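Inspection log for the structure reproduced underneath, given as structure tokens.
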Amino acid sequence: GTSSVRFLVFAAKTAEVLTYHQKEIKQITPHEGWVEQDPLEILESTKECINQTIENLKRLDIDPEDIVATGITNQRETTVVWNPETGLPLHNAIVWLDVRTAETVDKLVENVRDHNKECLKQLCGLPISTYFSATKMRWMMDNIEDVKTAVDNKKCYFGTVDSWLIWQLTGGKNGGTHVTDVTNASRTMLMNIKTLKWDPHLLKFFNIPAHVLPEIKSSSEIYGYMEDTSLKGVPISGCLGDQQAALVGQMCFEQGQAKNTYGTGCFLLYNTGTSLVLSSHGLLTTVGYKMGADAPVIYALEGSIAVAGVAVRWLRDNLQILNDVKDSKPLAENSHSPGDVVFVPAFSGLYAPYWRQDARSVICGVTEETTKGHIIRAALEATCFQTRDILEAMNKDCGIPLRQLLVDGGMTANDFLMQQQADLVGIPVIRPSMAETTALGAAMAAGSAKGIEVWNLKDVHTVPVDTFLPTISEDERDYKYSRWKMAIERSLGWSITEEKKLLGGTTPWAQSTSAMRPTCKKQ
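With the UniProt record's numbering as the guide, the letters of the sequence shown map in order to residues 1 to 523.
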């Protein structure tokens with residue numbers, strides 16, 4: 001994930017977690033809106049987690065030789081560049097929620113007809129945004145001399161975190177495999193969403209050479225074999241972006257099923273089957289999974305929310321009104337009269353369905369009666385309101401409202417949050433008792449790969465769940481949501497790039513949200 005690395009061992013078929021080890025990783029913020037991580041720290045933390053987990057297995061009298069395959073799931077869009085001759089990074093990884101590329105995005109959008117940020121959706125399913133990998137790579141090539149020189153000399157590899165880890169773990173500079181899977185590639189803005197190949201028109205648009213790119217593979221096949229750590233010789237045979245892995249781990253294999261993952265951000269994926277749906281309402285078209293080289297590709301619509309759990313950590317670390325994120329539940333619950341306090345946590349702009357990089361955080365409705373509990377409650381409710389935004393857009397795109405919402409991720413341990421979610425979307429919220437659905441999805445992909453085949457994806461296991469049912473009226477639900485929409489309007493237009501400030505203008509993003517409506521097409 002974004003904030004930690006962990007390695008888990010699952011029992012095939014039963015999906016029982018036998019043991020695991022986890023290690024926090026640092027986020028580096030050299031400037032406002034910049035978020036970086038050290039690729040070497042990610043790598044070394046991964047190795048440490050693997051080795052420590054193997055030691056845990058031995059203490060449980062389980063033979064590590066019983067491990068038949070390994071899967072990788074990772075934070076998506078986060079961009080790593082490295083020298084394949086030395087194996088060393090050329091720059092820190094630029095994390096998915098970093099917004100330093102705002103001016104890069106503005107320049108790209110200004111050069112297209114009607115300044116339409118949706119102009120590439122037919123090819124890649126995505127709007128031009130700071131979120132995706134291509135703009136991060138373009139920024140590094142424009143601003144980091146070591147990267148530009150390495151690209152010019154053909155001594156640069158580009159990848160998302162999965163590519164970096166697979167290359168290093170399969171040998172690195174001594175023959176490591178430079179690959180990615182279709183789910184991660186679909187988040188770069190460089191892969192054609194129909195052909196599942198790097199697209200020459202997209203490469204030309206961003207001026208990124210093909211020689212830096214990894215080979216695109218399916219989500220479930222043998223990519224190579226471990227050359228380092230305690231698992232030397234074990235195949236790496238599963239790879240999915242974290243949100244797609246959660247879709248698999250939640251066993252959303254049927255068209256119309258959806259899951260919502262609550263972590264640093266919040267991500268709702270809706271399985272559209274083999275149909276490629278281009279959203280008219282601010283959602284992303286992405287690859288859900290492709291379980292084998294010859295398997296059909298399954299697509300998804302996605303609503304991406306930049307700020308979820310990070311808002312609660314902000315209350316703890318910056319405002320210091322929380323000692324521990326776990327305290328958010330009782331403090332929010334004890335705020336019995338929340339009034340009309342609404343918190344829009346747009347620290348780095350708003351993602352789906354608004355796509356407004358000029359938005360910034362606002363807290364509305366504060367009075368002299370407002371307490372820290374009300375602010376904490378509003379921060380939790382913000383995740384629920386943003387989820388409703390996504391569901392409203394999905395209902396419009398797909399025409400079939402969800403009857404229940406499957407959830408996972410660290411924040412779902414908060415019962416108050418889950419009850420608020422059910423109340424504010426008006427449908428049951430279903431939480432599995434096994435929280436590690438993202439890791440489970442990667443394990444399922446690895447175990448079902450051709451040549452491994454210890455896991456049959458058709459064997460759907462019944463997992464105990466907790467169900468949260470709506471407890472408020474539709475009128476109360478709609479009133480609360482109307483206040484949220486008012487607060488959203490007040491969050492817009494607060495940030496413009498330095499270049500635009502000098503010119504006395506506004507960004508192409510500072511426009512009415514109702515004007516952002518591309519044509520929806522099924523392919």
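We put the CB at the ideal spot given by N, CA and C, even for glycine. Model, not experiment: these values are computed from the prediction.
Just so you know, the alpha carbons of F343 and L18 end up roughly 40 Å apart.
Boundaries of the alpha helix (DSSP H) around V312: G309 to D317. Considered as a whole, the segment 167-244 harbours 179-181, 215-217, 220-225 and 235-241 as its complete beta strand (DSSP E) runs of no fewer than 3 residues, in chain order. Taking I216 as the centre and dropping the five residues before and after it, the same chain places the C-beta of V179, T180, D181, V182, A185, M191, L196, K197 and W198 closer than 8 Å to its C-beta, in chain order. Close CB contacts of G176 within its chain, under the 7 Å cut and outside five residues either way in sequence, are with W167, Q168 and T170 (chain order). A residue is called buried when at least 16 other Cβ atoms come within 10 angstroms of its Cβ; I400 does not meet this threshold and is exposed. Contact between L276 and G303 does not hold, since their C-beta atoms are separated by about 17 Å, which reaches or exceeds 8 Å. In the displayed model, Y131 falls within coil according to three-state DSSP, outside both helix and strand.
Taking C-beta atoms as the reference points, V147 and H91 count as a pair closer than 8 Å. When DSSP states are grouped into helix, strand and coil, N56 belongs to the helix group. Cα atoms of K232 and E333: separation of roughly 49 Å, rounded to the nearest angstrom. P209 counts as exposed, since fewer than 16 other C-beta atoms from the protein chains shown sit within 10 angstroms of its C-beta. Relative to Q257, the option among G273, Q421 and E369 whose CA is nearest is G273. Less than 8 Å divides the Cβ of V407 from the Cβ of Y262. As the crow flies, the alpha-carbon of R100 is around 6 Å from that of G33.
When only Cα atoms are considered, W484 and S348 end up about 18 Å apart. Judged by their CB atoms, A443 and G71 are nearer to each other than the 8 Å cut-off. With a threshold of 16 other beta carbon atoms within 10 Å, E369 falls short and is exposed.
Cβ neighbours of L240 within its own chain (closer than 7 Å, five residues either side excluded): T73, D181, T183, S219, V248, Y289, G441, A442 and A445. Beta-bridge pairing by DSSP links Y299 to G273 and V287. Close CB contacts of K480 within its chain, under the 7 Å cut and outside five residues either way in sequence, are with L424 (chain order). Under the three-state reduction of DSSP output, K259 falls in the strand class. For F205, same chain residues with a beta-carbon under 8 Å away, outside a window of 5 residues either side, are L108 and L120 in chain order.
Counting only unbroken stretches of 3 or more residues, the beta strand (DSSP E) elements lying wholly within the segment 370-450 are 405-408 and 429-432, in sequence order.
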